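Shown next, in structure tokens, is the structure this report addresses.
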Amino acid sequence: SWKKMDQRAWKNPYADYDGNPASVQELFDSQGKLTAEFAGRLSNAISQLLMHMENGLKSADPRDCTGYTGWAGIALLYLHLHGVFGEPSFLQKALDYVGHSLTCPTRRRDVTFLCGDAGPLAVAAVVYHRVQRAQESDECLSRLLQLHQSVVMGSGASGLPDELLYGRMGYLYALTFINQQFGHDKIPIQYIQQVSSRLTAVLISGEGQSQRFRCQDQSPLMYEWYQEQYVGPAHGLAGIYYFLMQKTPSYSGKKNYVNPLEIPGYLHKLVIKYWCMNYGKHGCRTPDTPFSLFEGMAGTIYFLADLLQPLKSKFPAFEV
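No gaps in the numbering here: position 156 of the sequence shown is 148 in our numbering, and each next residue is one more.
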């Protein structure tokens, strides 16, 4: 909650970037591009972690189809790796894993990208499209759109929540993911507009809860999870804010990005050297699904691959 959330972050002992390019010259050249040596280190780390992940997945839950902790998330990782490296074997891996995810729908028939059936269907539609299996891709899209009516009508106390993991935002992301990956409006715009119209309900809900919790001075919007204020990305404020930002076009019409040379606090030392390059050697708490995309090793691999294309980097469902 707002007041009780666990403190799991590291204290950053490093000073902010002071504008001197020499401090990051081993990582970036004068144009802000990765040096060949650093890119090679990242690629090697990805290869090593993939071997560990594949071995660990042998004991993963065969019934978890989700993007968050299950097989659709692994398929999404390999789809991303195929986009970064262009290696056909990665696309084949994505095809294998997404096929498995379609065999085990969620018991509660959740409708979101991360924790529901919309995720495997959306990822499968894209993977089948990439391997030119158009009929199977269209079948997945049809099944995805069959969930639409329950999302549009699922308002009020007995309906869907607002959040990203189990709510409206999660289904809306599945639709926008399809159009982003296909490069055009594969999902008819009216479907997205009908779900987007529910954003008014999201704002009204957030304003009401902010008033109820008397925290308007801290945040004009607030959301709860199990009757507690929740600010995290999964069920709460951060995830909803993030998606609201995506749905609000910028004045310039272009996405903002951060120059790699301006990353504060020597992020490469803290995250890459001491965490990603030495994954699993820190004595940290082992997550429930240690090889998954959102809790485990697959997420680290996704992050490292993103570093190879820093201006295109985006983590699933958290893209601005």
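The C-beta atom is built at its ideal place from N, Cα and C for all residues, glycine as well. Everything numeric in this text was worked out from a predicted model, so none of it was measured.
If you look at I179, you'll find it isn't in any alpha helix (DSSP H); DSSP assigns it neither H nor E. Here L133 is buried. Its C-beta has 16 or more other C-beta atoms within 10 Å.
In this chain, the alpha helix (DSSP H) harbouring E29 covers 28 to 48. In the three-state scheme derived from DSSP, where H, G and I count as helix and E and B as strand, F307 is classed as strand.
Between Y215 and Q201, the C-beta gap is smaller than 8 Å, which places the two residues in contact. Within the same chain, Cβ atoms closer than 8 Å to the Cβ of I170 are found at A114, A117, V118, L133, L136, K178, I179, the five residues on either side in sequence being excluded. When C-beta atoms of the segment 17 to 34 are compared with those of the segment 44 to 61, fewer than three pairs fall below 8 Å, so the two segments do not count as touching. Note on geometry: alpha-carbon atoms of L71 and C107 lie some 18 Å from one another. Less than 8 Å divides the Cβ of A64 from the Cβ of S93. Taking a cut-off of 8 Å for Cβ pairs, the segment 79 to 88 and the segment 19 to 34 do not touch, as fewer than three such pairs fall below it. By the Cβ neighbour-count rule, E29 is exposed, with fewer than 16 other Cβ atoms within 10 Å of its own.
Q172 and E46 have their alpha carbons spaced roughly 28 Å apart. Rounded to the nearest whole angstrom, the C-alpha separation of S197 and T27 is 47 Å. In the three-state reduction of the DSSP assignment, F105 falls in the coil class.
When the alpha-carbon of S284 is set against those of Q301, A67, F105, the nearest one is in A67.
Separation of D88 and Y120 (C-alpha to C-alpha, rounded to the nearest whole angstrom) is 11 Å. Just so you know, the alpha carbons of G162 and L156 end up roughly 4 Å apart.
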